[in-house]
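Peer 1: Position 36 (the sequence shown) corresponds to 181 in my numbering; numbering is contiguous.
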Amino acid sequence: MQQLTMYQVDAFTSELFSGNPAAVLVLDDWLPVEVMQAIASENNLAETAFVKRNSNGWDLRWFTPVHEVNFCGHATLATSHVLANELGIKGELTFEMKVGALRVNRNNSAYQLDFPSFPPEPMNEIPPLLNDITGSDHVSGFRNFENIFVVLRNEQAIREFIPDLPKIAQLDPFGLVITAKGDEHDFVSRYFVPHAGIPEDPVTGSIHATLVPYWAEKLGKTRLSAFQRSKRGGHLLCELAGDRVLITG
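(1) In whole angstroms, give me the CA-to-CA distance for Ser262 and Leu382.
(2) Here's the rule: buried if 16 or more other CB atoms are within 10 angstroms of the residue's CB, otherwise exposed. What is Asp346?
(3) Looking at the secondary structure, which residues open and close the alpha helix (DSSP H) in which Pro311 lies?
(4) Count the other CB atoms within 10 Å of the CB of Arg335; is the residue buried (16 or more) or exposed (fewer)?
(5) Please classify Thr393: does DSSP put it in a helix, a strand, or coil?
(6) Going by CA-CA distance only, name the one from Leu222, Pro177, Ala183, Asn230 that's closest to Ala156.
(7) Excluding five sequence neighbours on each side, which residues of the same chain lie with their C-beta closer than 6 Å to the C-beta of Val171?
(8) Can you list, in chain order, the residues of its chain with a C-beta nearer than 6 Å to that of Gly342? Leave out the 5 residues immediately preceding and following it.
(9) Using only CA atoms, which one of Pro264, Ala302, Ile313 lies nearest to Pro273?
(10) Could you tell me which uninterrupted beta strand (DSSP E) segments, each at least 3 residues in length, are contained entirely in the segment 245 to 329, listed from first to last along the chain?
(11) Could you check which residue in Asp317, Gly286, Ala325 has the C-alpha nearest to that of Ile303?
(12) Can you give me the start and stop residues for the alpha helix (DSSP H) that Pro358 sits inside?
(13) Could you check where the beta strand (DSSP E) with Val333 kicks off and where it finishes?
(14) When DSSP labels each residue in this structure, what does Ile184 get in the three-state scheme?
(15) When the Cα of Thr150 is compared with those of Pro318, Glu291, Ile184, Glu241, which residue comes out closest?
(16) Enumerate in chain order the residues of its own chain whose CB-to-CB distance from Phe162 is below 8 Å, with the five nearest sequence positions on each side excluded.
(17) Can you round the beta-carbon distance between Asn299 and Gly320 to whole angstroms, since I take them to be within the 8 Å contact cut?
Dropping the structure here:
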């Protein structure tokens, strides 16, 4: 049987046992999809990342315990840390993904992820199922290509939200993001994707590619401090730079 080295990294945190854990495997070539999926299912983490070299940088794929996904921030951060710290790769890292190129630069002990921006798409009205899920706390809603976003009244509502996971699973293929203006940070959020085997994701880089342009417009600023209010929690320093979103963790 082929022997592979697998790393586990807590992303978007400087403290042990916090942030979002991701597994990373550096490959010479892709394994069969069913094998990569089996490894991810065995890990039972939100994401397992598989990365290999290409002629211009790196190809990167992510798997939840249930299926492959198109976009993941925290596992990209974890992969960057493995390549820089464990393999000694220097300089900017460029990853090719289904949603386009993603660049990562290291700054001392932090990493800046350069994502494409996915501005919020309007929802004319919140579907009845979302009314059942969020109750009377919702203020407005919007979406992007993979998630539905619901704005709640305040950070307390985010903290006290009790997810009805069977109902949230009915939003498939969409995940659910709840967000509000923060008390200590510019904005806060939580993220639920039960149909993908992720009841609540601890810290999620990819959703900020939409949250940042939304809150940048609402708050009239392009540099934002964000916190994901999961049990483990995670802090993200964000910047809207034209059609790109920069996230440091």
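C-beta atoms are modelled at their ideal positions from N, C-alpha and C, and glycine is treated no differently.
Peer 2: In short, the structure shows the following:
(1) Position 117 of the sequence shown, counted from the start, is the residue given in the question as residue 262. Position 237 of the sequence shown, counted from the start, is the residue given in the question as residue 382. Roughly 15 Å separates the two Cα atoms.
(2) What you label residue 346 is simply residue 201 of the sequence shown in a count that begins at 1. Its Cβ being crowded by 16 or more others within 10 Å, Asp346 is buried.
(3) Working through the sequence shown from its first residue, we reach residue 311 at position 166. Where Pro311 is concerned, the enclosing alpha helix (DSSP H) stretches over 310 to 314.
(4) In the sequence shown, the residue the question calls residue 335 occupies position 190. Burial call: buried.
(5) By one-based count along the sequence shown, residue 393 stands at place 248. Looking at Thr393 - three-state DSSP - the assignment turns out to be strand.
(6) As a position in the sequence shown, residue 156 is number 11, starting the count at 1. Nearest C-alpha to Ala156: Leu222.
(7) In the sequence shown, the residue the question calls residue 171 occupies position 26. Result list for Val171: Val196, in chain order.
(8) Counting from one through the sequence shown, the residue named residue 342 turns up at place 197. Closer than 6 Å at Cβ, skipping near neighbours: Thr209, Pro210, Val211.
(9) If you number the sequence shown from 1, residue 273 lands on position 128. Looking at the Cα atoms, Ile313 is the closest of the given residues.
(10) 245 to 252, 255 to 261, 283 to 288, 292 to 297, 320 to 326
(11) The residue given as residue 303 occupies position 158 in the sequence shown. Of Asp317, Gly286, Ala325, the residue nearest in Cα terms is Ala325.
(12) If you number the sequence shown from 1, residue 358 lands on position 213. 353 to 364 is the extent of the alpha helix (DSSP H) around Pro358.
(13) Numbered from its first residue, the sequence shown carries residue 333 at position 188. That run of the beta strand (DSSP E) goes 332 to 338.
(14) The count along the sequence shown starts at 1 and reaches residue 184 at position 39. Correct three-state label for Ile184: helix.
(15) Translated into the one-based positions of the sequence shown, residue 150 becomes position 5. Looking at the Cα atoms, Ile184 is the closest of the given residues.
(16) For this step, residue 162 is matched to residue 17 along the sequence shown. For Phe162, where only same-chain residues beyond five positions count, the Cβ hits under 8 Å are Asp155, Arg377.
(17) Here residue 299 is taken as the residue at index 154 of the sequence shown, counted from 1. Here residue 320 is taken as the residue at index 175 of the sequence shown, counted from 1. No, Asn299 and Gly320 are not in contact; Cβ-Cβ is about 22 Å, not under 8 Å.
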